[in-house]
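Input: a single structure, listed below in structure tokens.
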Amino acid sequence: MIKENVAKLLNSQINKEFFSAYLYLEISNFYVEQGLDGFANWYYIQAQEERDHAMLFVKYMQNNGLKITLEALDSPTTNFSNNTEPLVMGLDHEQFVTESINTIYEEAYSNKDFRTMQFLDWFVKEQGEEETNAETLIKKMELFGSDSKGLYMLDNELGARVYTAPSLVLD
1292 MIKENVAKLL
1302 NSQINKEFFS
1312 AYLYLEISNF
1322 YVEQGLDGFA
1332 NWYYIQAQEE
1342 RDHAMLFVKY
1352 MQNNGLKITL
1362 EALDSPTTNF
1372 SNNTEPLVMG
1382 LDHEQFVTES
1392 INTIYEEAYS
1402 NKDFRTMQFL
1412 DWFVKEQGEE
1422 ETNAETLIKK
1432 MELFGSDSKG
1442 LYMLDNELGA
1452 RVYTAPSLVL
1462 D
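Under the numbering used here, think of the first position of the sequence shown as 1292, with each following residue one higher.
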């Protein structure tokens, strides 16, 4: 049985994942306004992924008979003055989410909740990929973003990203 303290953290993570989707959709909107449709596409897909992450937490809690409480989402604060700031915000946010998942994992471990730990293993790996992707975007923007041709090519590269649903199965 999943302890109340772990269930509370899992529930909180649902709301954090939905906020992540909300934040990335806002970043996508910023890039649309800048005429950078590839960047907008990348963050739109990122928003879809985060929504799916939230739904995986929902399903896990449902499958374990846990009560889910959805909370109101804050509006993301996004007053960007350049094209790099959203990328940095994205990395900072991914690091925040990683810390949150690590906290749940640590609590599950201390409760010998091996089922939840196994569920979280996928998210631990996913967060490593998310942080790496965010860092890579920043590096590429630093390398190519100040050159219009470089920015154009980078935008085209990001525009080629397609959505792939998570492969984690929860039965």
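Heads up, the beta-carbon is just placed ideally off N, CA and C, and yes, glycines get one too.
Roughly how many whole angstroms lie between the Cα atoms of Met-1352 and Ile-1395?
The sequence position of residue 1352 within the sequence shown is 61, counting from 1. The sequence position of residue 1395 within the sequence shown is 104, counting from 1. The straight-line gap from Cα to Cα measures roughly 13 angstroms.
Does DSSP put Val-1453 in a helix, in a strand, or in coil?
If you number the sequence shown from 1, residue 1453 lands on position 162. In this structure, Val-1453 counts as coil in the three-state DSSP scheme.
Provide the residue span of the alpha helix (DSSP H) that contains Leu-1468, from first to last.
A question about residue 1468 goes unanswered here, because the residues of the chain that appear run from 1292 up to 1462.
Tell me which residue opens and which closes the alpha helix (DSSP H) that Glu-1433 is part of.
Mapped onto the sequence shown, residue 1433 falls at position 142. Where Glu-1433 is concerned, the enclosing alpha helix (DSSP H) stretches over 1405-1435.
So Glu-1385 is in the alpha helix (DSSP H); what residue range does that whole segment cover?
What you label residue 1385 is simply residue 94 of the sequence shown in a count that begins at 1. Element bounds for Glu-1385: 1376-1401.
Taking C-alpha atoms, which residue in Tyr-1315, Gly-1326, Lys-1294 and Val-1453 lies nearest to Leu-1382?
Counting from one through the sequence shown, the residue named residue 1382 turns up at place 91. The candidate whose alpha carbon is nearest that of Leu-1382 is Tyr-1315.
Evaluate the contact criterion for the region 1298-1313 versus the region 1341-1361: three or more CB pairs, one atom per stretch, below 8 angstroms.
yes
Confirm the yes/no value for this check: CB of Ala-1338, any heavy atom of the ligand NAD, distance under 7 angstroms.
Judged by which ligands are present, the structure shown has none, so any question about the ligand NAD falls away.
Does Lys-1307 come out as helix, strand or coil in the three-state DSSP assignment?
If you number the sequence shown from 1, residue 1307 lands on position 16. Note: Lys-1307 maps to helix in three-state DSSP.
Taking all protein chains shown into account, do 16 or more other C-beta atoms lie within 10 angstroms of the C-beta of Glu-1417, making it buried, or fewer, making it exposed?
Here residue 1417 refers to the residue found at position 126 of the sequence shown. With 16 or more neighbouring CB atoms inside 10 Å of its own CB, Glu-1417 falls in the buried class.
Would you tell me roughly how many angstroms separate the C-alpha atoms of Phe-1387 and Glu-1422, rounded to the nearest one?
To locate residue 1387, count along the sequence shown from 1; it is residue 96. To locate residue 1422, count along the sequence shown from 1; it is residue 131. Using only the alpha carbons, I get a separation of about 10 angstroms.
With 16 as the cutoff for other CB atoms within 10 Å, does Ser-1439 come out buried or exposed?
If you number the sequence shown from 1, residue 1439 lands on position 148. Label assigned to Ser-1439: exposed.
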